[in-house]
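Structure first, commentary second.
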Amino acid sequence: MSWILLIEQTLNGLQFGVMLFLMAAGLTLIFGVMGLINLAHGSLYMVGAFAAAAVAAATGSFVLALVASLVAAAFAGVLIEVLVIRRLYDRDHLDQVLATFALILIFSEGTRWAFGSFPLFLDRPEYLAGTVTLPFGIEYSKYRLSLIGIGLLVAAGLFWMIMRTRIGIRIRAGENDREMIGALGVDISLLYTLIFALGAALAGFAGALIGAIQSVQVGMGEPVLILAFVVIVIGGIGSIKGALIGAVLVGLTDTLGRFLLPQIFGLVMTPSAATSVGSSLASMSIYILMAGVLLVRPKGLFGGA
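The sequence shown begins at 1 in the working numbering and counts up by one.
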């Protein structure tokens, strides 16, 4: 096994993790502050990806495509928060699950009607094509390395906003005691709409960034949504720090598991059997990680911290 290949796979895991963080950060904010189970979060990821692909095809600009993903996802988030979600805050979680699952179906069919059933492709810009040489002669994708940097910058900006700004103070206060900040004159409805728009924009942004690696297609958000739920359970509901650490752990566990386990089983099995068993166990590894964390920390790594 080449150590250079191992480092490359570790970087792939980190890239996957920071993209998961963009999904999980919005999801944990929405659930932590608003107490809402939002199954439609993956649909907002899809909306961002399709908006980016459409704008990139029309203008040829990757930057405009990213801006479009933020605007389209945030607008869709505001729309569904005002029209649907606002009526669910005081309802049972089962009602929230049913309503947001219905939104998944509406977004999927609406996207299929608008863009068709065939996948779209978002080309990465020329200046991010190719590879860059890292220390020790490691060749790594410029685009994937840029995703790591962008994800970490967004994480830093989100931490700054939550901890250092007035809106961040209101978000943290709303998480702890929403009735009290309402009594102090904060417009709770507006705060909830802003939080939902922020979470939606982060999800759409993640969809656009990943859209240049894989195809943009209907239903692409649901597998990522499942992983985002795993991330917030591991990190702790409502914790941005937990979402970042949980996302990196999930990204590294999934990527390195798929790389290492087939090779380990290859020592005692035929190559085809080792690949099959190793890939199956790698798919289970993140759930084993989640179970292990919950055995030690039932509220997640930073739950209630």
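All C-beta atoms, glycine included, are put in the ideal place defined by N, C-alpha and C.
| Asked | Found |
| --- | --- |
| Presumed contact (8 Å Cβ cut-off) between residue 93 and residue 225, rounded CB distance | Their Cβ separation, rounded to whole angstroms, is 16 Å, which puts residue 93 and residue 225 out of contact at 8 Å. |
| Rounded separation between residue 293 and residue 264 - CA only | 24 Å |
| The segment 31-47 contacting the segment 274-286, beta-carbon criterion three pairs below 8 Å | no |
| Cutoff 7 Å; reference residue 197; Cβ partners in own chain excluding five residues on either side | 74, 77, 78 |
| Between the CA atoms of residue 237 and residue 305 - distance to the nearest angstrom | Note that residue 305 scores a pLDDT of 48, beneath 50, so its modelled location is shaky and nothing firm can be said. |
| Where residue 127 falls, given that 16 or more other Cβ within 10 Å makes a residue buried | exposed |
| Range covered by the alpha helix (DSSP H) that runs through residue 37 | Segment: none, residue 37 is in no alpha helix (DSSP H) and carries neither H nor E. |
| Beta-carbon proximity list for residue 103, same chain, < 8 Å, skipping 5 on both sides | 39, 40, 43, 80, 84 |
| Any non-hydrogen atom of the ligand NAP closer than 8 Å to residue 160 Cβ | Ligands displayed in this structure: none; no statement on the ligand NAP is therefore possible. |
| Neighbourhood of residue 99 by C-beta distance below 7 Å, restricted to the same chain and skipping five residues each side | 84, 88 |
| For residue 270, the three-state DSSP class (helix, strand or coil) | coil |
| Collapsed DSSP secondary structure at residue 120 in the structure displayed | strand |
| 9 Å Cβ cutoff met for residue 188 and residue 172 | no |
| Counted within 10 angstroms of its Cβ, other Cβ atoms place residue 302 as buried (16 or more) or exposed | buried |
| Touch test, the segment 28-38 against the segment 190-204, Cβ-Cβ under 8 Å, three pairs minimum | yes |
| Chain-order list of residues whose beta-carbon lies under 7 Å from that of residue 19 (same chain, five-residue window excluded) | 147, 151, 206, 209, 210 |
| Sequence-distant residues of its chain with Cβ nearer than 8 Å to residue 143 (five each side left out) | 124, 128, 129, 212, 213 |
| Under the three-state DSSP convention, the category residue 285 falls into | helix |
| Close Cβ partners of residue 131 (< 8 Å) along its chain, the five nearest in sequence each way excluded | 139, 140, 141, 142 |
| Limits of the alpha helix (DSSP H) - the one that residue 70 falls within | 62-83 |
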